[in-house]
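In the numbering used here, the protein residues as written are 1 to 209.
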């Protein structure tokens with residue numbers, strides 16, 4: 001069961017049907033999805049074809065293998081979309097960070113529907129614009145409080161253009177993380193093996209020189 005799903009259901013149950021709801025959740029993208037970067041194109045296509053037709057707006061952020069999405073819409077549409085999100089097998093460890101009734105939308109359209117938060121892949125112009133995000137990077141929103149989540153949303157609302165990168169970079173980043181995950185526990189062994197290999201090569205060279 002996704003984290004805090006019961007709290008979300010209880011909130012919606014006690015909220016008026018006509019209310020405008022803002023829901024912010026975070027999840028971990030599965031490794032398979034990170035390698036298959038078409039997930040990002042699929043998300044954008046889904047937002048165009050599904051969300052806009054139902055009056056749902058918001059923003060989706062990705063970084064460090066994690067999604068953070070803010071969705072805004074009517075109670076009925078938010079609940080329906082929430083169920084679809086929680087059933088999506090392309091991500092896991094879903095946690096609701098913030099849910100509240102709002103008077104107006106923070107993201108009135110989807111011009112920034114996909115915000116990449118992989119700083120090492122940004123252009124110089126993007127780095128300058130996104131300097132305010134330094135305290136939120138590396139991106140790890142699972143432990144954020146509602147207040148910190150609100151502050152993050154306030155920052156990204158001010159962007160004139162979204163930090164955007166080529167999806168291929170996500171694949172390279174995922175592969176790098178996998179290699180790091182495998183190699184990290186064996187770093188001492190690999191260092192010793194590397195030194196021994198260098199000594200063997202040096203000894204062979206000395207024998208034949």
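Every residue gets a Cβ at the ideal spot worked out from N, C-alpha and C, and that includes glycine. These numbers were taken from a predicted model, which means no experiment stands behind them.
Query raised in the report: Among 23, 149 and 200, which has the Cα closest to the Cα of residue 57?
Result: Position 57 of the chain shown, counted from the first residue, corresponds to residue 57. Comparing Cα-Cα distances from residue 57 to each of 23, 149 and 200, the minimum goes to 23.
**Report entry** Beta-carbon gap between residue 55 and residue 139 smaller than 8 angstroms
**Finding:** Position 55 of the chain shown, counted from the first residue, corresponds to residue 55. Position 139 of the chain shown, counted from the first residue, corresponds to residue 139. Their beta carbons are not under 8 angstroms apart, which means residue 55 does not touch residue 139 by this criterion.
Requested in this report: Pick out whichever of 30, 75, 117 and 126 has its Cα sitting closest to the Cα of residue 10.
Outcome: Translated into the one-based positions of the chain shown, residue 10 becomes position 10. Closest option to residue 10, Cα to Cα, is 75.
Query raised in the report: Can you give, in chain order, each stretch of the alpha helix (DSSP H) that sits fully within the stretch 17-90 and has at least 4 residues?
Result: 31-35, 38-46 and 75-87
Query raised in the report: Helix, strand or coil for residue 95 per DSSP?
Result: Start at 1 with the first residue of the chain shown, and residue 95 comes out as number 95. DSSP, read as helix, strand or coil, puts residue 95 in strand.
Query raised in the report: Taking DSSP as the reference, what is the three-state secondary structure of residue 11?
Result: Taking the chain shown and counting its residues from 1, one reaches residue 11 at position 11. The answer is helix: DSSP assigns residue 11 an H, G or I state.
Query - residue 115 - DSSP class collapsed to helix/strand/coil - result: What you label residue 115 is simply residue 115 of the chain shown in a count that begins at 1. Of the three classes helix, strand and coil, the one that applies to residue 115 here is strand, per DSSP.
Query - Candidates 125, 142 and 51, of which the one nearest residue 29 by Cα - result: Along the chain shown, one-based indexing puts residue 29 at 29. Nearest option by C-alpha distance: 142.
Query raised in the report: If you run the structure through DSSP and keep just helix, strand and coil, what is residue 201?
Result: Here the question's residue 201 lines up with position 201 in the chain shown. Helix, per DSSP.
Query raised in the report: Mind checking residue 120: buried by the 16 CB within 10 Å criterion, or exposed?
Result: Reading the chain shown from its first residue, position 120 is the one you call residue 120. Exposed.
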